[in-house]
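Novice: Can you read through this structure? Questions will come right after.
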Amino acid sequence: MTRRAKIVATLGPASTSEPVMRRLLRAGVDVVRLNLSHGSHDEHRERIRRVRKLAAAEGRHIAVLLDLMGPRFRLGVIADGPRLLRKGQRVVLGKSGAGVDLPVDDPGFLRHLRRGERVLIDNGLVELRVTAKRRGRVEARVLFGGKVSTRKGINLPETNLPFSISRKDRADIRFAVAERADYLAASYIGRGRELEALRRVAR
3 MTRRAKIVAT LGPASTSEPV MRRLLRAGVD VVRLNLSHGS HDEHRERIRR VRKLAAAEGR
63 HIAVLLDLMG PRFRLGVIAD GPRLLRKGQR VVLGKSGAGV DLPVDDPGFL RHLRRGERVL
123 IDNGLVELRV TAKRRGRVEA RVLFGGKVST RKGINLPETN LPFSISRKDR ADIRFAVAER
183 ADYLAASYIG RGRELEALRR VAR
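In structure tokens form, the structure reads like this:
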């Protein structure tokens, strides 16, 4: 039967050894993804070279995809430890201080949020919807509750964020070029000129 899909596998600490990688390749993996949000260049270089050695032994080409970290938003320090948010509860996000339920690490991104947009916390385990903005703070209602704690990640799937290439992303792009990666993955791309900006760094 002709396969019409490509299988992408993310490599991490549990899939670094040669026996595990070999099993992945033989199971049909076509592309290996390395998440540059985690790990060092030395660790990723070792994985890339191991994959290529095993692929050559199998007589195959396995594409290497490096996923850039891109912008990263997090909660700040929640002083009283993990906090339980309940469905329907009203919360305020902003810089640490009086009246703020959920402090954020870098409040600058809050100005881009609009009423009605969703805010996902901890990989979407907790979901909020923006109801209002006042004085650099965002008010939201909890759609799906759960525990939130210090430094948990924030995702903004509906927010029009300005595109930027961080210093880390630039270093990671140079690493990808040096290692002759097949693909780069980047988040929050919305316009052709943003792809061109990435290409310029890669040249």
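Convert by adding 2 to the 1-based position in the sequence shown; the result is the number in this note's numbering.
Heads up, the beta-carbon is just placed ideally off N, CA and C, and yes, glycines get one too.
Just so it is clear, the structure is predicted and the values come from calculations on it, not from any experiment.
(1) Using the DSSP secondary-structure output, state which residues sit across from alanine 187 in a beta bridge.
(2) Output the residue ranges of the beta strand (DSSP E) runs that lie fully inside the segment 36 to 84 and measure 3 residues or longer, sorted by chain position.
(3) Please say whether glutamate 129 and valine 140 have beta carbons closer to each other than 9 Å?
(4) Starting from the N-terminal side, write out each stretch of the beta strand (DSSP E) that is 3 residues or longer and does not extend beyond the segment 124 to 189.
(5) Any contact of the segment 37 to 53 with the segment 61 to 75, i.e. 3+ C-beta pairs under 8 Å?
(6) Checking the sheet assignment: what are the DSSP bridge partners for alanine 1?
(7) Quick one, which of Ala57, Arg6, Arg76 has its alpha-carbon nearest leucine 27's?
(8) Let's see if you can read the secondary structure: which residues bound the beta strand (DSSP E) around valine 203?
(9) How far does the alpha helix (DSSP H) with valine 22 in it extend, from its first residue to its last?
(10) Output yes or no for whether 9 Å exceeds the beta carbon distance between lysine 97 and glycine 138.
(11) Give me the Cα-Cα distance between lysine 135 and alanine 142, rounded to the nearest whole angstrom.
(12) Are glycine 78 and asparagine 125 closer than 9 Å when you measure CB to CB?
(13) Excluding sequence positions up to five away, which residues of its chain have a Cβ less than 6 Å from the Cβ of isoleucine 9?
(14) Might you give, ordered along the chain, the residues of its own chain that have their beta carbon closer than 7 Å to the beta carbon of alanine 188, omitting 5 neighbours on each side?
Specialist: In brief:
(1) Reading the sequence shown from its first residue, position 185 is the one you call residue 187. Beta-bridge pairing links alanine 187 to Asp69.
(2) 65 to 69
(3) Taking the sequence shown and counting its residues from 1, one reaches residue 140 at position 138. Taking the sequence shown and counting its residues from 1, one reaches residue 129 at position 127. No, the Cβ-Cβ distance between valine 140 and glutamate 129 is not below 9 Å.
(4) 128 to 136, 139 to 146, 148 to 150, 155 to 157, 185 to 187
(5) yes
(6) Because the chain here runs from 3 to 205, residue 1 falls outside it and cannot be looked at.
(7) Counting from 1 along the sequence shown, the entry for residue 27 is found at position 25. Per the Cα distances, Ala57.
(8) Residue numbering aside, residue 203 sits at position 201 when the sequence shown is read from its first letter. No beta strand (DSSP E) contains valine 203, which is instead part of the alpha helix (DSSP H) from 194 to 204.
(9) Taking the sequence shown and counting its residues from 1, the one referred to as residue 22 is at position 20. It spans 20 to 29 - the alpha helix (DSSP H) in which valine 22 sits, taken as one unbroken run.
(10) The residue labelled residue 97 in the question sits at position 95 within the sequence shown. The residue labelled residue 138 in the question sits at position 136 within the sequence shown. Yes; because the gap between Cβ atoms is below 9 Å, this pair is in contact.
(11) By 1-based counting over the sequence shown, the position of residue 135 is 133. By 1-based counting over the sequence shown, the position of residue 142 is 140. Between lysine 135 and alanine 142, the C-alpha separation is close to 9 Å.
(12) As a working mapping, residue 78 is identified with position 76 in the sequence shown. As a working mapping, residue 125 is identified with position 123 in the sequence shown. Not closer than 9 Å, so no.
(13) One-based indexing of the sequence shown puts residue 9 at position 7. Hits under 6 Å: Gly30, Val31, Asp32.
(14) In the sequence shown, residue 188 corresponds to position 186, counting from 1. Excluding positions up to five away in sequence, the list reads Leu70, Gly72, Leu200.
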